[in-house]
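Per this note's numbering, the very first residue in the sequence shown carries number 2; after that it's consecutive. The beta carbon of each residue, even a glycine, is placed where N, CA and C say it ideally should be. Shown next, in structure tokens, is the structure this report addresses.
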Amino acid sequence: MSSRSPDAFRLGAPPYDRGHGDGGEPEDPHELLQRARRLTADGHPSAGGAWERAATALRRAGGSLTPGDHAHALDATALDCRGRALPAAGPLFSRAADLHERAGQRGEAVVSRARALLTGPEPGATVCAGLAVLGERATALHAAGQATAAETATVLLLRCRARADLLDTGPDPVAEAAALRAELVRLTAFAAPHRAAPAVLGVLAEARALLGRVTAPDDPVAALGLLRSAAADHHAGGGLRPAAESGLLLAGVLRATGAHREATAVLRAALGPAACATPPRGADRARLCLALARTLAGASAEPAGDGEVLALLGEAVRHADAPAGDRRLSTLARLALGIARAERGRWREATAVLAEVLSGRAGDGDGAARVRARAWLAYCALCLGEPARAAREFARAAAEVRRWGDRRHGAALSRLTAHALGAAGSPEKAARAYERAADLWRSVDDHASAASALRARARQVRRVWGAAAAEAVEEEALREAGRGRPGDGDGEPGGARAWLRALPEPYGPPGRYQVDVYGEVGGTGPGGRRRTEEQGVTRVQGCV
2 MSSRSPDAFR LGAPPYDRGH GDGGEPEDPH ELLQRARRLT ADGHPSAGGA
52 WERAATALRR AGGSLTPGDH AHALDATALD CRGRALPAAG PLFSRAADLH
102 ERAGQRGEAV VSRARALLTG PEPGATVCAG LAVLGERATA LHAAGQATAA
152 ETATVLLLRC RARADLLDTG PDPVAEAAAL RAELVRLTAF AAPHRAAPAV
202 LGVLAEARAL LGRVTAPDDP VAALGLLRSA AADHHAGGGL RPAAESGLLL
252 AGVLRATGAH REATAVLRAA LGPAACATPP RGADRARLCL ALARTLAGAS
302 AEPAGDGEVL ALLGEAVRHA DAPAGDRRLS TLARLALGIA RAERGRWREA
352 TAVLAEVLSG RAGDGDGAAR VRARAWLAYC ALCLGEPARA AREFARAAAE
402 VRRWGDRRHG AALSRLTAHA LGAAGSPEKA ARAYERAADL WRSVDDHASA
452 ASALRARARQ VRRVWGAAAA EAVEEEALRE AGRGRPGDGD GEPGGARAWL
502 RALPEPYGPP GRYQVDVYGE VGGTGPGGRR RTEEQGVTRV QGCV
């Protein structure tokens with residue numbers, strides 16, 4: 002019989018991580034048990050594997066895990082539930098909390114209950130209220146000597162994380178952020194005297210990283226100092242667990258301040274074999290690969306010349322598709338890989354990847370992802386000499402953008418539709434599409450772009466209805482240009498790719514204090530503005 006809880010099998014949780022092993026581990030079950038307990042106390046990611054080996058050895062010797070040890074083993078299993086396996090974590094943490102209570106481990110029971118709340122289905126406000134109660138309980142237990150500093154600090158940190166995820170849902174996010182920063186300062190002051198304990202040092206590093214995240218939108222320079230301190234604490238603690246989130250945050254703030262070289266170094270170090278005792282995997286590694294590819298591309302209008310970006314994006318796809326991966330990351334990684342191939346002239350390969358985004362295989366139907374995929378598919382079709390197909394895809398993308406009420410991007414995509422229709426030999430349809438683009442640009446007071454679309458319309462009108470009709474459209478274009486402001490330019494795009502790069506990005510941060518998959522806090526990043534359709538988010542992110 003396995004030492005694992007039946008709950009773990011029923012819920013589809015991953016097996017205990019057996020770790021890498023060093024060939025010098027003890028074989029005595031009691032020595033294995035002591036090792037598992039020590040790794041758990043240190044917060045080591047190999048604790049799960051140690052518990053599995055200890056439980057197996059005990060079973061062979063006719064023994065079994067005590068309730069307290071079984072609770073630690075369940076905690077280790079739940080902590081390994083990432084990506085698609087995350088829903089299994091909540092019930093495992095709840096079962097672990099019950100076992101901790103039976104064993105008299107009251108501080109650890111509170112930690113497990115806090116983690117169960119964070120990984121459960123409840124809305125964020127309910128989670129925050131529950132975590133506030135648990136935080137008070139942990140503080141009281143610590144004062145009575147029944148909870149360690151690490152356990153108490155962990156519960157307080159989990160509450161701060163939940164509050165951070167909901168900052169933008171309140172009536173005054175800036176004031177709420179200031180209050181959260183004050184709470185995090187108190188947490189670091191509580192934890193700092195106990196930093197000799199590896200578990201406390203890990204909490205201290207994560208608290209400083211969270212403080213850096215909440216500080217970044219208002220004071221990027223101060224945020225850099227906090228995030229560097231978090232990295233130093235993580236390193237001082239031996240780098241037991243991957244610090245993907247803090248590394249992504251640090252690199253994101255560095256990118257935002259123009260320090261691309263340092264951001265690159267941070268991400269390379271996080272991906273390197275010496276980053277921590279166990280390298281990042283699954284969703285964490287996919288995010289790091291995506292962020293490094295984004296950093297290498299930088300703000301340049303032209304793609305990097307080597308194949309490193311493509312290799313990183315291919316690796317991101319593989320890790321996002323892993324059991325510990327994430328559907329959103331699958332979408333983003335494929336989308337980024339397809340666009341990168343398209344920009345390098347590998348249009349057929351790009352088409353295959355972008356089609357996967359639209360097929361639903363890699364994503365959950367995010368509208369911005371569909372629009373980007375369709376627009377770049379259309380671009381590839383145009384480059385491959387298939388203008389009719391390009392026109393269909395551009396038109397579908399334009400229609401979806403217009404449904405959002407995004408007239409500026411709708412105008413750009415309508416103009417690209419018109420260009421493809423003209424190339425496909427459909428001047429009458431092209432003329433109508435140019436007229437639609439001009440109307441949309443006029444509605445957002447971009448008279449220069451409206452005039453440019455009208456001049457292009459005149460060329461199609463000449464082909465269908467003759468010179469007199471074309472001259473009337475040209476006169477309209479002149480009047481439209483005259484409505485523009487001095488210095489507006491002629492409205493001509495910097496090429497189709499410039500318009501496509503400016504399309505809204507999928508899965509952007511839903512507010513000023515939220516983080517996207519690249520580690521960027523609330524900003525627009527180098528790849529274009531993000532949609533605000535998720536402003537109403539009320540769930541915490543389930544980070545434990």
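Enumerated in chain order, which unbroken segments of the alpha helix (DSSP H) with a length of 4 residues or greater are wholly contained in the region 54-97?
Counting only runs of 4 or more, we get 68-80.
DSSP bridge partner residues for V522 (one or two, in chain order)
For the purposes of this step, residue 522 is taken as the residue at position 521 of the sequence shown. Under DSSP, the beta-bridge partners assigned to V522 are V516.
Considering only C-alpha positions, which residue in the set R286, A148 and L205 is nearest to A574?
Since the first residue shown for the chain is 2 and the last is 545, residue 574 is missing from the structure and cannot be characterised.
Environment of R458 [buried if 16+ CB atoms lie within 10 Å]
Residue mapping note: residue 458 aligns to position 457 of the sequence shown, counting from 1. With 16 or more other Cβ atoms within 10 Å, it is buried.
From this set, L158, A425, G423 and A62, which residue's C-alpha is nearest V201's C-alpha?
As a working note, residue 201 is residue 200 in the sequence shown. Ranking L158, A425, G423 and A62 by Cα distance to V201 puts L158 first.
Whole-angstrom distance between A197 and W377, CA atom to CA atom:
For the purposes of this step, residue 377 is taken as residue 376 along the sequence shown, with counting starting at 1. For the purposes of this step, residue 197 is taken as residue 196 along the sequence shown, with counting starting at 1. Straight-line spacing of the CA atoms in W377 and A197 works out to 53 Å.
Straight-line CA distance for A363 to G485?
If you number the sequence shown from 1, residue 363 lands on position 362. If you number the sequence shown from 1, residue 485 lands on position 484. The predicted position of A363 is uncertain, since its pLDDT is 46 and thus under 50; a value taken from the coordinates is nonetheless stated next. Spanning the two alpha carbons is a distance of roughly 43 Å.
Measure the alpha-carbon distance for F94 versus I340 and round it to whole angstroms.
Within the sequence shown, the letter at position 93 stands for residue 94. Within the sequence shown, the letter at position 339 stands for residue 340. If you draw a straight line from the Cα of F94 to the Cα of I340, it comes to about 41 Å.
Beta carbon of G1 nearer than 7 Å to that of G283
This structure gives no information on residue 1, because the portion of the chain shown stretches from 2 to 545.
On the three-pair Cβ rule with 8 Å, is the region 82-91 touching the region 52-66?
The answer is no - the region 52-66 does not touch the region 82-91, with fewer than three Cβ pairs under 8 Å.
So, A439 versus A454, is the Cβ gap smaller than 7 Å?
For the purposes of this step, residue 439 is taken as residue 438 along the sequence shown, with counting starting at 1. For the purposes of this step, residue 454 is taken as residue 453 along the sequence shown, with counting starting at 1. Taking 7 Å as the cut-off, the Cβ atoms of A439 and A454 count as close.
Are the beta-carbon atoms of L417 and A497 separated by less than 7 Å?
By 1-based counting over the sequence shown, the position of residue 417 is 416. By 1-based counting over the sequence shown, the position of residue 497 is 496. It is a contact, given that the beta carbons lie within the stated cut-off.
Quick one: what does DSSP say E123 is sitting in, helix, strand or coil?
Here residue 123 corresponds to residue number 122 of the sequence shown, with the count starting at 1. Residue state, collapsed to three classes: coil.
To the nearest angstrom, how far is it from the Cα of E506 to the Cα of H71?
What you label residue 506 is simply residue 505 of the sequence shown in a count that begins at 1. What you label residue 71 is simply residue 70 of the sequence shown in a count that begins at 1. Taking the straight line joining both Cα atoms gives about 44 Å.
Tell me, please, which residues DSSP counts as bridged to E394.
The residue you call residue 394 lines up with position 393 of the sequence shown. According to DSSP, which records beta bridges pairwise, E394 is partnered with nothing at all.
Skipping 5 residues on each side, what residues in its chain have a beta carbon closer than 7 Å to that of L188?
For the purposes of this step, residue 188 is taken as residue 187 along the sequence shown, with counting starting at 1. The beta carbon of L188 sits closer than 7 Å to the beta carbons of A154, L157, L158, C161 and A208 from its chain, once the five residues preceding and following it are set aside; these are given in chain order.
Considering only C-alpha positions, which residue in the set G346, R403 and G308 is nearest to W442?
On the sequence shown, residue 442 is found 441 positions in, with the first residue counted as 1. Measuring from the Cα of W442, the nearest candidate turns out to be R403.
Which of helix, strand or coil DSSP assigns to E401:
Start at 1 with the first residue of the sequence shown, and residue 401 comes out as number 400. When DSSP states are grouped into helix, strand and coil, E401 belongs to the helix group.
Whose C-alpha, out of L359, G248 and G64, is nearest the C-alpha of H235?
Here residue 235 refers to the residue found at position 234 of the sequence shown. Looking at L359, G248 and G64, the one whose alpha-carbon comes closest to that of H235 is G248.
Hey, quick one: how far does the alpha helix (DSSP H) through G315 stretch, first residue to last?
For the purposes of this step, residue 315 is taken as the residue at position 314 of the sequence shown. Residues E309 to A321.
Under the rule that 16 or more other beta-carbon atoms within 10 Å means buried, what is E429, buried or exposed?
Start at 1 with the first residue of the sequence shown, and residue 429 comes out as number 428. It counts as exposed.
Residues of its chain near E493, where Cβ-Cβ distance is below 8 Å and the 5 sequence neighbours each way are ignored:
The count along the sequence shown starts at 1 and reaches residue 493 at position 492. Only weak support exists for where E493 lies, its pLDDT of 49 falling under 50; the value from the coordinates is given anyway. So the qualifying residues of the chain are S453.
Helix, strand or coil: which one does DSSP assign to E387?
As a position in the sequence shown, residue 387 is number 386, starting the count at 1. Looking at E387 - three-state DSSP - the assignment turns out to be coil, as it is neither helix nor strand.
Does the count of Cβ pairs from the region 368-375 and the region 344-353 closer than 8 Å reach three?
Counting Cβ pairs under 8 Å, fewer than three are found: no touch.
Express the C-alpha separation of G259 and R329 in angstroms, rounding to a whole number.
Translated into the one-based positions of the sequence shown, residue 329 becomes position 328. Translated into the one-based positions of the sequence shown, residue 259 becomes position 258. Those two C-alpha atoms are separated by around 27 Å.
Exposed or buried, L479, counting other C-beta atoms within 10 Å across all chains shown (16 or more means buried)?
Taking the first residue of the sequence shown as position 1, residue 479 is located at position 478. Its Cβ having fewer than 16 others within 10 Å, L479 is exposed.
Let me know the secondary structure DSSP gives E28 once reduced to three states.
To locate residue 28, count along the sequence shown from 1; it is residue 27. E28: coil per DSSP, three-state reduction.
On the CB-based measure, 16 or more other CB atoms within 10 Å of its CB, does E53 come out buried or exposed?
Taking the first residue of the sequence shown as position 1, residue 53 is located at position 52. It is buried - the Cβ of E53 has at least 16 other Cβ atoms within 10 Å.
On a CA-only basis, which of V445, S427, G483 and R393 is nearest H410? Give me that one, please.
One-based indexing of the sequence shown puts residue 410 at position 409. In terms of CA proximity to H410, V445 leads the group V445, S427, G483 and R393.
Over the uninterrupted alpha helix (DSSP H) stretch that includes R445, give me the two end residues.
Within the sequence shown, numbered from 1, the residue matching residue 445 stands at position 444. Note on residue identity: the sequence assigns Val, not Arg, to residue 445. Looking at the DSSP string, V445 is not in any alpha helix (DSSP H), and its letter there is neither H nor E.
List the whole-angstrom C-beta distance separating A382 from L355, where the pair is believed to meet the contact cut-off of C-beta under 8 Å.
What you label residue 382 is simply residue 381 of the sequence shown in a count that begins at 1. What you label residue 355 is simply residue 354 of the sequence shown in a count that begins at 1. So it is not a contact: roughly 10 Å between Cβ atoms.
Would you mind giving the Cβ-Cβ distance between L135 and R114, rounded to the nearest angstrom? I have them listed as a contact below 8 Å.
Locating residue 135 in the sequence shown gives position 134, counting from the first residue. Locating residue 114 in the sequence shown gives position 113, counting from the first residue. In this structure L135 is in contact with R114, their Cβ atoms being roughly 6 Å apart against a cut-off of 8 Å.
Excluding five sequence neighbours on each side, which residues of the same chain lie with their C-beta closer than 8 Å to the C-beta of V186?
Sequence index remark: in the sequence shown, residue 186 carries index 185 (1-based). Contacts found: L212.
What are the boundary residues of the alpha helix (DSSP H) that includes R286?
For the purposes of this step, residue 286 is taken as the residue at position 285 of the sequence shown. For R286, the uninterrupted alpha helix (DSSP H) run begins and ends at G283 to A298, by DSSP.
Which residue wins for smallest C-alpha separation from V310, given the options A298, H320, A321 and R319?
Locating residue 310 in the sequence shown gives position 309, where the first residue counts as 1. Nearest Cα to V310 within the set A298, H320, A321 and R319: A298.
Own chain residues within Cβ distance below 7 Å of L333, not counting five before or after:
Numbered from 1 along the sequence shown, position 332 holds the residue referred to as residue 333. A distance below 7 Å between beta-carbons, with the five flanking residues on each side excluded, links L333 to the following residues of its chain, in chain order: L291, P507, Y508 and V518.
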